[in-house]
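Its first residue numbered 1, the sequence shown is counted upward by one per residue in full-length UniProt numbering.
Note that the Cβ used here is the ideal one computed from N, Cα and C, for glycine as well.
All remarks here apply to the structure that follows.
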Amino acid sequence: MKIGVIGTGITKFGELWDKSLRDLLAEAQLKSIEDSKISPKDIEMIFTGNMCADALSGQLHIGAMASENLRINVPSTRIESACASGAVALRQGLQAIESGAAKIVQVNGVEKMTDVSTEQVTTALMGAGDEEVEGFQGATFPALYALMARAYMHEFGLTREQLSAVSVKSHKHGSMNPIAQFQKEITVDDVANSAMVSDPLTLLDCSPITDGAASIILASESVAKKLNPEAVWIAGSQQATDTLALSARDSLTEIKATRIAADSAFKQAGISAKDVHLAEVHDCFSIAELLAIEGLGLAKKGEAGKHAAAGYHYFDSKIPINTCGGLKSCGHPIGATGVKQAVEVVHQLQQKAGKRQVKKAEVGVTQNVGGTGATVVVNVFKR
Ligand code: COA
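What follows is the structure, encoded as structure tokens:
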């Protein structure tokens with residue numbers, strides 16, 4: 001598999017009260033087109049990841065909105081796979097090119113979340129869980145990930161300090177990213193002492209509620225080579241699923257779908273975990289980053305907490321993780337996150353990541369999770 005990313009576009013992430021869902025989507029779309037030096041009429045298909053526009057903005061039919069924004073009439077589809085909507089949209093784009101149905105595809109992700117109350121957002125997000133077994137019983141995503149954190153602490157002796165180190169590193173990277181929602185550094189004590197959300201997860205263990213959009217342009221190998229000598233290649237892309245409800249899983253201390261998707265994406269790309277120079281992983285809560293690192297094979301089971309505390313994952317350390325600031329500090333506009341991860345890895349591989357540039361960046365990986373691990377997409381990018 002060799003499909004090129006020939007352009008990227010991203011908006012500021014945060015509480016963007018002066019920008020509507022449509023404004024955000026259009027801004028990212030136009031930026032990726034400008035970056036690719038193509039014209040909107042070159043785009044043959046559009047896929048847009050979005051989870052909550054109906055619940056939070058009263059808007060469905062995002063596919064048609066995306067093509068209208070470009071004043072073109074091509075097939076344009078909204079993809080919903082909870083927090084993995086962006087990466088699943090990306091996979092639809094890859095498959096459209098692989099099947100020969102299109103040579104140039106635009107993939108977007110967008111979410112507008114801050115115009116309503118936290119309660120409304122929490123309820124909407126819970127649609128990604130199992131309504132009968134979890135949502136109806138009062139579970140929320142912070143509560144479900146808190147169960148995973150507790151189980152992990154019990155099984156592997158993870159300490160409060162080790163868990164806090166994840167968020168400290170994310171905020172450090174966020175402080176170097178001009179589009180991040182939070183650009184302020186924090187300390188381990190700040191994490192432990194911030195408001196309790198769902199024990200043991202505090203406010204600073206949680207990703208925030210965010211507005212934002214991201215976009216990339218994919219092209220077939222021959223077209224990408226012609227259009228952009230700096231194109232970054234997607235060499236592997238796989239998706240796996242697991243039960244909707246956490247209670248039906250074999251283990252609370254691993255996200256099995258990450259391992260399944262990673263094994264086959266790495267095989268497809270002809271790499272192993274030791275070849276990975278950097279990764280953008282789905283740290284919707286600090287514990288999720290540790291589970292992602294282990295699922296990708298970048299740490300042995302039970303060891304990711306020690307690595308976090310030892311500082312292995314800073315942009316200038318052993319295995320840089322979430323150099324954009326991750327979901328925690330860059331923000332988590334649900335449908336945009338999977339596409340944003342791709343934008344960050346592409347920038348890193350093109351040596352365009354500014355202050356947070358990773359020195360050796362030739363192979364980068366993204367891991368995007370829906371729910372508590374019911375959908376996972378792993379992509380492998382190469383220079
Ligand atoms: N990290 C850091 N700071 C945060 C934050 C976060 N996750 N969430 C809010 N804040 C800050 C706000 O900027 C605000 O700061 P200010 O007083 O300086 O302006 C303050 O904390 C209070 O913000 P508020 O919006 O009132 O917080 P809240 O209590 O309504 O929401 C959470 C906090 C953690 C409940 C909310 O961010 C949340 O639900 N996060 C998880 C989202 C989620 O589940 N995503 C899907 C994952 S699968």
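Contact test: residue 146 Cβ vs the ligand COA heavy atom, cutoff 8 Å
Taking 8 Å as the cut-off, the C-beta of residue 146 does not count as close to any heavy atom of the ligand COA.
Rounded to the nearest angstrom, how far is the Cβ of residue 166 from that of residue 290, given a contact under 8 Å?
Between residue 166 and residue 290 a beta carbon distance of about 7 Å is seen, short of the 8 Å cut, so the two are scored as contacting.
In chain order, each beta strand (DSSP E) run of at least 3 residues that lies wholly inside the segment 43-85
The segment 43-85 contains these whole beta strand (DSSP E) runs: 45-49, 76-79.
Just to confirm the assignment: which complete beta strand (DSSP E) runs, minimum length 3, are found wholly within the segment 150-231?
196-198, 212-219
With C-beta atoms as the reference, is residue 374 less than 9 Å away from residue 243?
Yes, the Cβ-Cβ distance between residue 374 and residue 243 is below 9 Å.
Do residue 336 and residue 212 count as a contact pair if the criterion is CB distance below 9 Å?
In contact: residue 212 and residue 336 (Cβ atoms closer than 9 Å).
Same chain, Cβ closer than 7 Å to residue 85, five either side skipped, listed in chain order:
49, 50, 51, 79, 109, 334, 335, 338
Where does residue 237 sit, in a helix, a strand or coil, going by DSSP?
strand
Using three-state DSSP, classify residue 139 as helix, strand or coil.
The answer is coil: DSSP assigns residue 139 none of H, G, I, E or B.
Collapsed DSSP secondary structure at residue 366 in the structure displayed
strand
From residue 285 to residue 37, what distance separates their C-alpha atoms?
37 Å
Please confirm whether residue 29 and residue 73 have their CB atoms less than 9 Å apart.
no
Give me whichever residues DSSP pairs with residue 322 in a beta bridge.
Answer by DSSP bridge pairing: none, since residue 322 is not bridged.
Cβ contact (3+ pairs, closer than 8 Å) linking the segment 193-204 and the segment 142-149:
yes
Please find out if some non-hydrogen atom of the ligand GDP comes closer than 8 Å to the beta-carbon of residue 21.
This structure lacks the ligand GDP; its bound ligands are the ligand COA.
Segment contact flag, the segment 348-363 with the segment 102-118, C-beta cutoff 8 Å, min 3 pairs:
no
Using the DSSP secondary-structure output, state which residues sit across from residue 377 in a beta bridge.
239, 368
For residue 25, does the count of other Cβ atoms within 10 angstroms reach 16, so buried, or fall short, so exposed?
buried
On the three-state DSSP scale, how would you describe residue 337?
helix
Output needed for residue 272: all residues of its chain with C-beta closer than 8 Å, excluding positions within five of it in sequence on either side, in chain order.
266, 297
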